[in-house]
Ligand SMILES: [Zn+2]
């Protein structure tokens, strides 16, 4: 029997209060989480691996710490989900790929180790598009994950499992990774909060690499306050990641109560107008986002609708040169020789290596490896990779210019609400899902998506806020204030 | 396999050679992880971790010592050290490459544009340009095996994966295989002086690929370049280049064109064999390593490393000749490696501040002669680390010779004892009872006896045959069982013969 106080729908802050007040134990909370997974995951399919036994052991250990008053953080005893792209010692880690079917990592990712040290209880590994390449979690080698708001629809991707598990009330929070929107887009589709920190804020050590210069780990939570708490635990310098910022993480919650008064928010035209190809927000999304802009202005923020990022439209092509280029090298190690899937019995070593990659990788992964190898090859490097790097610098400078006159940028998270499974088959149409999220990765900026309304068929809509590098505290302050202006985040899917 | 025989033809071709050297740094840990780098004695696959195994999620962390040692080497080779440098990924699939790419340096190496003076006795000094010295990581080692059924397979030893590897690329400035060999000898010497590498070609810590082409003297353009791989000694580098020189010359003389290609040196057959043509060459798809920020090297850092550079072989050789009066070949032998030079200088230092002229030269003679011979003859051969005789003891022996206490001949026996027991020269001399018979009183009876027994020789000398004196000195040495001081014996004999000449 689940204790009535043990409710996986709690926020981290609420759970921490109940755990400390003795109303509930971590074991009870973890049991409730595992029961909710049992009850709903046949339909949602958020998890690739559920680590029931290990979860209950860590919960018992967390209870010890809580009883003795030595709980290291507010996360102590709180059940969370981990995207299957994070290396977890002793726990199968597949990155959603057949290639890593049987990989049992010998070490923990830094972010995972820090959550363990904080006493958080990992309940399992969540589903994802293979090697984090995709926007729907339909490209998982194992199975697609459903959107808890409408099981016929996708949860977004690539961190679809991590978004869905929070939206379905299975876990209090989760970790995902964001290379071009893989946290923010599924957060928007599933009606939860998703934060991509500044590039270099969270160590990438132990994150199975997709595109090293763009990848960042971040939290999925039900509230902005929880996002700040979870980020606090995983952020900060790491000697194992040379691209991780050496500056100690500041207190991300310190500005949370300060409201929107006096904040200068830019709404660059390019994010709100249709582009030359006629692409832009759907009506329902536009209505919700426009409503959000009015609310921001009404709450004391000054809104600059004249701001412009002239080159931001090139973000998508830049991304689809740089990310595949980096991934073509990052995924070269999977050759079947050392670990993971290995095809055997071919005519030669080379034949086995080729067959391993042919059989071990899915179509989307192979498509991107080919794109990247092409962009880097002799004779094309200058026209593709080098040119993309130049445009990347340009986009970065344009963001700098906007931030010279603004504290934050507001934008939609996605052009549409969650689409139906199987609805988008053309890769390019799928890539367009990320037109609003990719720019923050290109420029290395922190960005958050949070619920701002509902549109077509009652599906949630996300609002995106983007801040300057290392300004997560300000970003979270504005997000927290906006969150208080409505009750979109409190609605739950009717999953039963 | 067919063995190509190339006739030695008189050619009017100029040979152009450039060398690419890869040398392992002997840092404590590997290039990008903390595994020990000295894997020589380790069981296969024991010096490994998730990073050097290429496990997913791992990230490289630069070994700062390896960077410093590369700059140290670059400075010794008169290179420029740019303020900004970066690492790149070199992509190619191979089972010895754990990540499927090698972290190397492409267009912004740690150093550029240096030189080294190569000296060959009969050719003099030639300045060889050095294009770049950069840093990268070594690959794993493949061991090719065959089982009883005759199936061939390969084993992977990952211990070597990630060991810091320095690449030193020369300009195509060398004009003969002999010069190429000398370049390698001197480069190895510098690396050992700097203490950055064991630079042992036989053990694989020092590897060399050579580019060679031929052209008509006076031509500006280079001929088609052939890259030779698979040479594992300085000798094989020279032999491979000599072979290639003749092969290309013969082909050109016959009106053929030289294919730009990679050839392997077949040590057994002593020929180069075609491996792959340029058409099949890899496209490495270099791009900047996104896991590592660019490397900044402050000018002060460079100056600090420069200030701490040790004396280099060329400078030391010149100093040994000037300060100790050594012959070039002695100075060369002593300074070939840091250890003998240091041993020699310790011996000289033990003589105190006021070193009598000639003594250092004496020490050098004994070092390159007897000491080297005894070490070489020992089974197994000794090294300066294993021998018991100390530098000051050799100096003591040379002092006894210089004072006339013992003869050179006696000193050889004395030194053999010292070498075996580690005793001082004086102690051995006393124990064996050897000492030169000096002084007129001691020598006079012996000389008298010699002159009586060899009256004919005495007669010959008086008759003008100067060589007869040498014979008489020899007889004096024989009678004294080697203990006579030959110089004095000669003087006394001459005096005695002149006396009786009247
Ligand atoms: Zn290692």
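Protein chains in written order, with my numbering: chain A, 4 to 499; chain B, 4 to 505.
Note that CB positions come from ideal geometry on N, CA and C, so glycine has one too.
Quiz item: Is DSSP giving residue 192 (chain B) helix, strand or coil here?
Solution: As a first step, residue 192 (chain B) must be located in the second chain, where it is residue number 189. Here residue 192 (chain B) sits in helix by DSSP.
Quiz item: Going straight from the alpha carbon of residue 440 (chain A) to that of residue 72 (chain B), what length do you get?
Solution: Here residue 440 (chain A) is taken as the residue at index 437 of the first chain, counted from 1. Here residue 72 (chain B) is taken as the residue at index 69 of the second chain, counted from 1. About 44 Å.
Quiz item: If residue 121 (chain A) sits next to residue 185 (chain A), beta carbons under 8 Å apart, how far is it from one beta carbon to the other, in whole angstroms?
Solution: On the first chain, residue 121 (chain A) is found 118 positions in, with the first residue counted as 1. On the first chain, residue 185 (chain A) is found 182 positions in, with the first residue counted as 1. Actually they do not touch by this definition, with Cβ atoms about 23 Å apart.
Quiz item: Out of A:482, A:331 and A:232, which has the shortest C-alpha to C-alpha gap to residue 18 (chain A)?
Solution: The count along the first chain starts at 1 and reaches residue 18 (chain A) at position 15. Ranking A:482, A:331 and A:232 by Cα distance to residue 18 (chain A) puts A:232 first.
Exercise. Find the nearest neighbour of residue 244 (chain A) within the set A:223, A:211 and A:271, judged by alpha-carbon distance.
Key: Position 241 of the first chain holds residue 244 (chain A). Answer by Cα proximity: A:211.
Practice problem: Report yes if the CB atom of residue 217 (chain B) is closer than 8 Å to the CB atom of residue 17 (chain B), and no otherwise. | Solution: Numbered from its first residue, the second chain carries residue 217 (chain B) at position 214. Numbered from its first residue, the second chain carries residue 17 (chain B) at position 14. Cβ distance < 8 Å, so residue 217 (chain B) and residue 17 (chain B) count as in contact.
Quiz item: Going along the stretch 201-226 of chain A in order, which residues come within less than 9 Å of chain B, judged by CB to CB distance?
Solution: 206, 207, 208, 209, 210, 211, 212, 214, 215, 216 and 217
Quiz prompt | residue 84 (chain B), buried or exposed, once every other Cβ within 10 Å from all chains shown has been counted against 16 | solution = Walking along the second chain from the start, residue 84 (chain B) turns up at place 81. Looking at its Cβ environment, which holds 16 or more other Cβ atoms inside 10 Å, residue 84 (chain B) is buried.
Quiz item: Along the chain, which unbroken stretches of the beta strand (DSSP E) at least 3 residues long are found entirely within the stretch 83-142 of chain B?
Solution: 91-94, 104-107, 114-123 and 127-140
Quiz item: Should residue 71 (chain A) go down as buried or exposed, given a rule of 16 or more other Cβ atoms within 10 Å for buried?
Solution: Taking the first residue of the first chain as position 1, residue 71 (chain A) is located at position 68. So residue 71 (chain A) ends up on the exposed side.
Quiz item: Closer than 7 Å: is that where the CB of residue 54 (chain B) sits relative to any heavy atom of ligand 1?
Solution: Within the second chain, the letter at position 51 stands for residue 54 (chain B). Yes, Cβ of residue 54 (chain B) sits closer than 7 Å to a heavy atom of ligand 1.
Quiz item: Do you know whose CA, among A:285, A:262, A:234 and A:226, lies nearest residue 529 (chain A)'s CA?
Solution: Past the edges of chain A, shown from 4 to 499, lies residue 529 (chain A), and the structure says nothing about it.
Quiz item: For ligand 1, any of its heavy atoms closer than 7 Å to the Cβ of residue 165 (chain B)?
Solution: Counting from one through the second chain, the residue named residue 165 (chain B) turns up at place 162. Residue 165 (chain B) Cβ: within cutoff of ligand 1.
Self-check item: Alpha carbon of residue 444 (chain A) to alpha carbon of residue 233 (chain B), nearest angstrom
Solution: As a working note, residue 444 (chain A) is residue 441 in the first chain. As a working note, residue 233 (chain B) is residue 230 in the second chain. Each residue's Cα considered, the two are about 46 Å apart.
Quiz item: Among A:102, A:383 and A:406, which residue has its Cα nearest to the Cα of residue 335 (chain A)?
Solution: Position 332 of the first chain holds residue 335 (chain A). Ranking the options by Cα distance to residue 335 (chain A), first place goes to A:102.
Quiz item: Which term fits residue 13 (chain B), buried or exposed, when burial requires 16 or more other beta carbons within 10 angstroms of its beta carbon?
Solution: For the purposes of this step, residue 13 (chain B) is identified with residue 10 of the second chain, where counting begins at 1. Below a pLDDT of 50, predicted positions are generally treated as unreliable, and residue 13 (chain B), at 48, falls in that range; the measurement from the model is reported next regardless. Flag for residue 13 (chain B) reads exposed.
Exercise. Indicate whether the contact test is met: 3 or more Cβ pairs, each with one atom in the stretch 180-197 of chain A and one in the stretch 450-461 of chain A, closer than 8 Å.
Key: yes
Practice problem: Going by DSSP, name the residue or residues bridged to residue 267 (chain B). | Solution: Position 264 of the second chain, counted from the first residue, corresponds to residue 267 (chain B). B:232 and B:276.
Practice problem: Report buried or exposed for residue 4 (chain A), applying the criterion of at least 16 other Cβ atoms within 10 angstroms of its Cβ. | Solution: Residue 4 (chain A) sits at position 1 when you count from the first residue of the first chain. The predicted position of residue 4 (chain A) is uncertain, since its pLDDT is 44 and thus under 50; a value taken from the coordinates is nonetheless stated next. Residue 4 (chain A) comes out exposed.
Quiz item: Using a beta-carbon distance cut-off of less than 8 Å, what residues from the stretch 237-250 of chain A approach chain B?
Solution: 242, 243, 244, 245 and 246
Quiz prompt | Identity of the residues DSSP links to residue 151 (chain B) by a beta bridge | solution = Numbered from its first residue, the second chain carries residue 151 (chain B) at position 148. For residue 151 (chain B), which the question treats as bridged, DSSP gives no partner whatsoever.
Quiz item: Closer than 9 Å, Cβ to any Cβ of chain B: which residues of the stretch 328-360 of chain A, in chain order?
Solution: 328, 329, 331, 332, 333, 334, 335, 336, 337, 338, 340, 341, 342, 343, 352, 353 and 356
Exercise. Scan the stretch 91-122 of chain B for residues whose Cβ lies nearer than 7 Å to a Cβ of chain A and list them as they occur along the chain.
Key: 92, 94, 96, 98, 101, 102, 103 and 104
Quiz item: Between the stretch 65-81 of chain B and chain A, which residues of the former have a C-beta closer than 8 Å to a C-beta of the latter?
Solution: 65
Quiz item: On the premise that residue 214 (chain A) lies in contact with residue 325 (chain A), defined as a C-beta separation below 8 Å, what is that separation, rounded to the nearest angstrom?
Solution: The count along the first chain starts at 1 and reaches residue 325 (chain A) at position 322. The count along the first chain starts at 1 and reaches residue 214 (chain A) at position 211. Going by Cβ atoms, the distance from residue 325 (chain A) to residue 214 (chain A) rounds to 7 Å, so yes, they are a contact pair.
Quiz item: Between which two residues does the alpha helix (DSSP H) containing residue 415 (chain A) stretch?
Solution: Within the first chain, residue 415 (chain A) is the residue found at index 412, counting from 1. Counting along the chain, residue 415 (chain A) falls outside any alpha helix (DSSP H), though it belongs to the beta strand (DSSP E) covering 411-415.
Quiz prompt | With 16 other Cβ atoms within 10 Å as the buried cut-off, status of residue 164 (chain A) | solution = Position 161 of the first chain holds residue 164 (chain A). So residue 164 (chain A) counts as buried.
Exercise. State yes or no: is the C-beta of residue 336 (chain B) within less than 8 Å of the C-beta of residue 392 (chain B)?
Key: Here residue 336 (chain B) refers to the residue found at position 333 when the second chain is read from its first residue. Here residue 392 (chain B) refers to the residue found at position 389 when the second chain is read from its first residue. Result no, Cβ atoms of residue 336 (chain B) and residue 392 (chain B) do not sit closer than 8 Å.
Quiz item: Residues of chain A with CB under 8 Å from residue 383 (chain B), in chain order?
Solution: Numbered from 1 along the second chain, position 380 holds the residue referred to as residue 383 (chain B). Ordered by position in chain A, no residue passes the 8 Å Cβ test against residue 383 (chain B), which lies about 39 Å from the chain.
Quiz item: Just how far apart, CA to CA, sit residue 158 (chain B) and residue 56 (chain B)?
Solution: Numbered from 1 along the second chain, position 155 holds the residue referred to as residue 158 (chain B). Numbered from 1 along the second chain, position 53 holds the residue referred to as residue 56 (chain B). Spanning the two alpha carbons is a distance of roughly 14 Å.
Quiz item: Residues of chain B with CB under 9 Å from residue 380 (chain A), in chain order?
Solution: On the first chain, position 377 is the one that residue 380 (chain A) refers to. Within chain B, the residues near residue 380 (chain A) are 286 and 288.
Exercise. Mind checking who residue 81 (chain B) pairs with in its DSSP beta bridge?
Key: Along the second chain, one-based indexing puts residue 81 (chain B) at 78. Answer by DSSP bridge pairing: none, since residue 81 (chain B) is not bridged.
Quiz prompt | Exposed unless 16 or more other CB atoms sit within 10 angstroms - verdict on residue 4 (chain B) | solution = Position 1 of the second chain holds residue 4 (chain B). Confidence at residue 4 (chain B) is low in this model, with a pLDDT of 42, below 50, so its placement is unreliable and no value can be given for it.
Quiz prompt | 9 Å Cβ cut-off: residues of chain A touching residue 294 (chain B) | solution = Indexing the second chain from 1 puts residue 294 (chain B) at position 291. By Cβ distance, chain A contributes 207, 212, 215, 216, 244, 245 and 246.
Exercise. Kindly list the residues whose CB is nearer than 7 Å to the CB of residue 346 (chain A), restricted to its own chain and excluding five residues on each side of it in sequence; keep chain order.
Key: By one-based count along the first chain, residue 346 (chain A) stands at place 343. Hits under 7 Å: 339, 355, 358, 359 and 362.
Practice problem: Let me know the secondary structure DSSP gives residue 124 (chain A) once reduced to three states. | Solution: Mapped onto the first chain, residue 124 (chain A) falls at position 121. In the structure shown, residue 124 (chain A) sits in a strand (DSSP, three-state: E or B).
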